[in-house]
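Protein sequence lines correspond, in order, to chains F and X. With my numbering, the residue at position 478 of the first sequence is 588, and numbering never jumps. With my numbering, the residue at position 232 of the second sequence is 341, and numbering never jumps. Beta carbons: idealized from backbone N, C-alpha and C, even for Gly. Because the structure is a prediction, the values reported are computed rather than measured.
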Amino acid sequence: MMNPSRKSTYWVIATLFVAMLPQLTRMSLAVVVLALLPLMWRLLAETRDWQPVPALVRHSATVIALLTLYHSFGNLAGRRAAVSLLTVMLALKLIEAYRVRDSRLIVSFSLFLCATQFLFTQGILMPVYGAATVLVALVSLTQLQRNEAFSSTGETPPVRASIFSEMGFSFRLLGLAIPIGLAFFLLFPRWSSPLWGIPESTLDAKSGLSESMAPGSIQGLFMDDSPAFRAEFENGIPPRFELYWRGPVFWNFDGRTWSGSYFSKNLPAEFMPLEERATSLYRVQLEPNERHWLFSLDYPAVTPPDSRITVDYQILRQKPVTQLLQYSMASNPDFVDSATLPNTLRDAALDLPEEYNPRTRELVRQWQRQGYKGPRLVEHVLEHFTQEPFHYSLDAPLLGRDSIDEFMFDVRTGYCEHYASAFAVMMRMAGIPARIVTGYMGGWYNEMGDYLLVRQSDAHAWTEVWLPDAGWTRVDPTAAVSPMRVAQGSLGALSDPRHLLDFAWLRRIRNGIDIVQERWNERVIGFGAARQSRLLAPLGLDRMSPTLLVTALVAFVALLSVILVPLVFRVKGPRRRDPLQTVWQTFLTRLKSAGFIPRLSSGPMELAHAASRRLPSEAADIQIIADLYNRARYSSRPPDLTTFRDAVRRFHPKK
Amino acid sequence: MTGAATSTARWAVGRRFDEWILDRVRQKRGTPELPFTLEYRHIYVMPTRFGVWFGILLAVTGLGGLNFNNNMALMLGFILASIAQLTTLLAYRNQLGLTLVGLRAPPVFAGQPAVFKIAIQNPEHRFRFSILAINSLSEDCSDIEPQETVQLELDQETMTRGWQEMEPFRIENRFPLGLFRAWTVIIPRARCLVYPKPDPNPPPLPQTGHGDEGSARPGDGEHLHGLREYRPGDALKNIAWKTSARQQKLYTRLMESPREEACEFNWYLMRGGGVEENLSIMTAWILRAENRQIPYSLEMPGDALPAGLGEEHRDACLKILALFKS
Numbered sequence: 111m112m113n114p115s116r117k118s119t120y121w122v123i124a125t126l127f128v129a130m131l132p133q134l135t136r137m138s139l140a141v142v143v144l145a146l147l148p149l150m151w152r153l154l155a156e157t158r159d160w161q162p163v164p165a166l167v168r169h170s171a172t173v174i175a176l177l178t179l180y181h182s183f184g185n186l187a188g189r190r191a192a193v194s195l196l197t198v199m200l201a202l203k204l205i206e207a208y209r210v211r212d213s214r215l216i217v218s219f220s221l222f223l224c225a226t227q228f229l230f231t232q233g234i235l236m237p238v239y240g241a242a243t244v245l246v247a248l249v250s251l252t253q254l255q256r257n258e259a260f261s262s263t264g265e266t267p268p269v270r271a272s273i274f275s276e277m278g279f280s281f282r283l284l285g286l287a288i289p290i291g292l293a294f295f296l297l298f299p300r301w302s303s304p305l306w307g308i309p310e311s312t313l314d315a316k317s318g319l320s321e322s323m324a325p326g327s328i329q330g331l332f333m334d335d336s337p338a339f340r341a342e343f344e345n346g347i348p349p350r351f352e353l354y355w356r357g358p359v360f361w362n363f364d365g366r367t368w369s370g371s372y373f374s375k376n377l378p379a380e381f382m383p384l385e386e387r388a389t390s391l392y393r394v395q396l397e398p399n400e401r402h403w404l405f406s407l408d409y410p411a412v413t414p415p416d417s418r419i420t421v422d423y424q425i426l427r428q429k430p431v432t433q434l435l436q437y438s439m440a441s442n443p444d445f446v447d448s449a450t451l452p453n454t455l456r457d458a459a460l461d462l463p464e465e466y467n468p469r470t471r472e473l474v475r476q477w478q479r480q481g482y483k484g485p486r487l488v489e490h491v492l493e494h495f496t497q498e499p500f501h502y503s504l505d506a507p508l509l510g511r512d513s514i515d516e517f518m519f520d521v522r523t524g525y526c527e528h529y530a531s532a533f534a535v536m537m538r539m540a541g542i543p544a545r546i547v548t549g550y551m552g553g554w555y556n557e558m559g560d561y562l563l564v565r566q567s568d569a570h571a572w573t574e575v576w577l578p579d580a581g582w583t584r585v586d587p588t589a590a591v592s593p594m595r596v597a598q599g600s601l602g603a604l605s606d607p608r609h610l611l612d613f614a615w616l617r618r619i620r621n622g623i624d625i626v627q628e629r630w631n632e633r634v635i636g637f638g639a640a641r642q643s644r645l646l647a648p649l650g651l652d653r654m655s656p657t658l659l660v661t662a663l664v665a666f667v668a669l670l671s672v673i674l675v676p677l678v679f680r681v682k683g684p685r686r687r688d689p690l691q692t693v694w695q696t697f698l699t700r701l702k703s704a705g706f707i708p709r710l711s712s713g714p715m716e717l718a719h720a721a722s723r724r725l726p727s728e729a730a731d732i733q734i735i736a737d738l739y740n741r742a743r744y745s746s747r748p749p750d751l752t753t754f755r756d757a758v759r760r761f762h763p764k765k
Numbered sequence: 110m111t112g113a114a115t116s117t118a119r120w121a122v123g124r125r126f127d128e129w130i131l132d133r134v135r136q137k138r139g140t141p142e143l144p145f146t147l148e149y150r151h152i153y154v155m156p157t158r159f160g161v162w163f164g165i166l167l168a169v170t171g172l173g174g175l176n177f178n179n180n181m182a183l184m185l186g187f188i189l190a191s192i193a194q195l196t197t198l199l200a201y202r203n204q205l206g207l208t209l210v211g212l213r214a215p216p217v218f219a220g221q222p223a224v225f226k227i228a229i230q231n232p233e234h235r236f237r238f239s240i241l242a243i244n245s246l247s248e249d250c251s252d253i254e255p256q257e258t259v260q261l262e263l264d265q266e267t268m269t270r271g272w273q274e275m276e277p278f279r280i281e282n283r284f285p286l287g288l289f290r291a292w293t294v295i296i297p298r299a300r301c302l303v304y305p306k307p308d309p310n311p312p313p314l315p316q317t318g319h320g321d322e323g324s325a326r327p328g329d330g331e332h333l334h335g336l337r338e339y340r341p342g343d344a345l346k347n348i349a350w351k352t353s354a355r356q357q358k359l360y361t362r363l364m365e366s367p368r369e370e371a372c373e374f375n376w377y378l379m380r381g382g383g384v385e386e387n388l389s390i391m392t393a394w395i396l397r398a399e400n401r402q403i404p405y406s407l408e409m410p411g412d413a414l415p416a417g418l419g420e421e422h423r424d425a426c427l428k429i430l431a432l433f434k435s
């Protein structure tokens, strides 16, 4: 039989492991090893009866762990770093946890660790995983409670239950707790705005489009299938070629990397499209990316709360998006952006580093000499991309100092950022103001949910040139090279799968079931003070004050208790019936039916004595059975259970 | 994980709170008559230290979830809190209906711990998990099968001889998660007989008994060995008629053949020493005589036992010494 104290340790190890598993995916390999090694050690130590680790080794392990974490994260203030720190410290605690107290500390912190994972992801499967963690933790705590209670007897607590019945007990406990938990979730008063925010320095899980664009930066996103945002249109989805989701806009080019400029982030937009002229009305459900940009179609006519619209129509939020954010947006694609261009902006949109890319410079000069300028030059450059053997591909080699030259004349293969960058540079060489816009292109329309799902892999970069009268005009050179990119999205434009399991049908299924996540986001993750106050609108209560909410909560929980408390009282402990006791009960029942009523307080031998007097004809059998039971229960060499069971089975007393 | 820290005082909440509860119980309920069934009004439920810590952790989780409107963390916090709340009911119910059916303690010598045996019966058809009995010095734990009775043992220090009253104790359980304890304070009526502490270094056995040389052979003989109550089959010639007439009960004289020695422990023959010292010495003598199978008689002021041997005789002698009042 397994030593129960050891058994409880296994459960504690399991709890920590289950709680830390989702966190491990966010850590570097070194930290993963650091977190798993102590677990492995304790597991082996427990199975092989190893001695506890000396204090010196433990302390040096802690120091090594701290140094590795610091090396891996740079500082320990970030969220990811803090969670990694907690994980590793708990794992290290495990190698010295030989007391109930320490084990309980680990289990309770494991539950806390389980809560912290929701800082990073609140996917639809996370609650299932959370429930599993809670179940394992409950079993651990039950075990620890028994260990603690029996510690005074100097013996290990009797093992009464199989793993399944232990899990079953915890499962019932969880099942009964969920309705009350839900009531609290719905009715517990929420804060409409946080009391304290997350310091930006602690954000270390940024995702999606970045604050600059170098060759390869969007290409990297192409592999990322996680959703960027979803958009639900009120008045139909605009045609595909208009689905350019505007994000970061870049003005400065240093020969290799595009980045935003100071003024573009700080100047407010001079003119705003009129909201009543907007043709697209939609709601965006933005996944947290720890960045400031909100996305909209050209051109945003409303300013979402806590944000501002810049001179180049980026929507910047004051605080980074750290959790699911929903905002309403209206767009007017016909808006003329900057009919006149101030000189400072014009200069910024024409600025190029000197001495770079001489061959391209010569090419542009040649076109100008041929008489192409203004819109005609734009068209001519696009034609150049179409007619010359340019390829749209992920396998673009790294480019050197004169990256545009290499791209235009030698490599001629690239992803959208290569084309956008080369095009903008050529425009600037020709004296046409140009800038880079990054964002997302297209999206997957989910028919069932009637919304557009935009994934990180839909990230795109295009160009805007300023033309007199027309103002800033969108030009997408990638579309010239690969019309499929615009028509079918980034994945349709490439013939080769991105990885081994990248099938079109699999992507279709995944896009289809995204509706579950969308609804989950909408109903559960996005549930907040505003939604809560409208909760009882169907009952005629328009706005619920906190007082009203608490009243409703108390009333509801009281009502639930009426149903739940009797159920709780029917919860049997984690136990399979003791087989010995079961057989003995059969024996007692047969005695009863024969007319002998056993006294509860009497022991087996006493009972047999009394029963023999009452049923003298059966005395011999009664004595034998009682003796078997007595020995089975108390003797150091108990008889076979089957012997006892057979004896009872053959016992049929007559009245 | 056996051998958890054993503190000398196992207080449920805090010393002052416990004393307050004890006072209340003493006033309201007092000493229960056995059998005593634990009912709802006898059972208190309070968080354990771990429960308080768990609560703080949940509060932090909930506050974080609330502040950042992280609904999943908030939900986890609420569900864990609900589970914790449900366990109060389970702990309460695990204890409800248990019946205290017996309290007793076998005699001990002063200085040894008195062991009080608490018989607890589970009259119902459900299993009871890790039921504890706890006093200020010790605790004991057992599961209780349906319709079975277990005996829990509690130690209590003994300093002086005489009757020692059982101190108040708790019946407690922290099932299922150890977050809450349900407990019942019992002010028992039970006592333990404490014999005097045997002198570790007593003077030699007093050779004042009646006896001749040679080894003793109990049975037939000419010498009186002791008296015992008449049993059917005893020879008529051995009946101690005079004693029997005095005691209104038949006594048989136990005769023996010549014997090496017999001891007479006589209070009046003790020389020097205080009362307790002498009692200690006599206790040690009784044990030694019993050990060597030498019959011994005891004479105390107001009480006397004729020479005899055996556990019953020994216990009777020791009881006289334990309860002796000078």
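Assignment of X:Val303 by DSSP, reduced to helix, strand and coil, places it in the strand class. Here X:Asn375 is not near X:Glu399, since their CB atoms are 7 Å or more apart.
Taking the beta carbon of X:Thr170 as reference, the chain F residues within 7 Å of it are Phe222, Ala225, listed in sequence order. A straight line joining the alpha-carbon of X:Arg213 with that of F:Val193 spans about 55 Å.
Against chain F, a Cβ distance below 8 Å from X:Ala182 picks out Ala225, Thr226, Phe228, Leu229. Taking 7 Å as the cut-off, the Cβ atoms of X:Phe163 and X:Leu288 count as close.
Contact check between the region 474–486 of chain F and the region 431–440 of chain F: fewer than three CB pairs, one atom from each, fall below 8 Å, which does not count as touching. DSSP places F:Met277 in the helix class (H, G or I) of the three-state scheme. By the rule that beta-carbons nearer than 7 Å mark a contact, X:Ile192 touches chain F. Each residue's CA atom was taken as its position, placing F:Met323 and F:Gln227 some 30 Å apart. Taking every protein chain shown into account, the CB of F:Leu751 has fewer than 16 other CB atoms within 10 angstroms, so this residue is exposed.
Contact note: F:Ile288 reaches chain X through Ile188, using a C-beta cutoff of 7 Å and chain order.
For the region 252–276 of chain X, the beta-carbon criterion of a distance under 9 Å to any beta-carbon of chain F is satisfied by Asp252, Glu254, Pro255, Gln256, Glu257, Thr258. In this structure the region 411–429 of chain F does not touch the region 324–340 of chain F; the number of beta carbon pairs closer than 8 Å is below three. Shown here is that no member of the region 393–426 of chain X has a Cβ falling below 9 Å from a Cβ of chain F. In the pairwise beta carbon analysis, the region 289–306 of chain X is classified as touching the region 209–224 of chain X: at least three pairs are separated by under 8 Å. In the pairwise beta carbon analysis, the region 656–675 of chain F is classified as touching the region 289–300 of chain F: at least three pairs are separated by under 8 Å. Neighbourhood of X:Leu241 in chain F, by CB distance below 8 Å: Ala259, Ser262, in chain order. Taking a cut-off of 8 Å for Cβ pairs, the region 175–187 of chain F and the region 135–142 of chain F touch, as three or more such pairs fall below it. Annotation: the continuous alpha helix (DSSP H) that includes F:Leu215 extends over 210–226.
Boundaries for F:Ile546: no alpha helix (DSSP H) harbours it, while the beta strand (DSSP E) harbouring it runs 544–551, taken from the DSSP string.
With respect to the 7 Å criterion, X:Cys250 and F:Thr263 are classified as neighbours on the basis of their beta carbons. Any Cβ of chain X closer than 7 Å to the Cβ of F:Arg741 would place that residue at the interface, and such an atom is absent.
By a beta-carbon distance limit of 8 Å, X:Val303 does not contact X:Thr352. Their separation comes to about 31 Å.
Boundaries for X:Phe159: no beta strand (DSSP E) harbours it, while the alpha helix (DSSP H) harbouring it runs 158–176, taken from the DSSP string. Contact with chain X is found for F:Thr252, since one of that chain's Cβ atoms lies less than 7 Å from the residue's Cβ. According to the DSSP assignment, F:Arg644 belongs to no alpha helix (DSSP H), since it is labelled neither H nor E. With its beta carbon less than 7 Å from one in chain F, X:Leu286 belongs to the interface.
When 7 Å is used as the limit between beta carbons, X:Glu148 is near no residue of chain F, the shortest such separation being about 15 Å. In this structure the region 215–231 of chain X does not lie against the region 233–248 of chain F, because fewer than three pairs of beta carbons, one per stretch, are closer than 8 Å.
For F:Gln436, there is no enclosing alpha helix (DSSP H); the residue is part of the beta strand (DSSP E) that begins and ends at 435–441. Chain-order list of chain X residues neighbouring F:Gly638: Asn178, Asn180, by C-beta distance under 9 Å. Fewer than three Cβ pairs drawn from the region 338–358 of chain X and the region 416–435 of chain X lie within less than 8 Å of each other, which leaves the two stretches out of contact.
Among the CB atoms of chain F, none fall inside 7 Å of the CB of X:Leu143.
Following the DSSP letters along the chain, one finds X:Lys137 inside the alpha helix (DSSP H) bounded by residues 124–137. Within chain F, the residues Ser262, Thr263 have their CB atoms less than 8 Å from the CB of X:Asp249, given in chain order.
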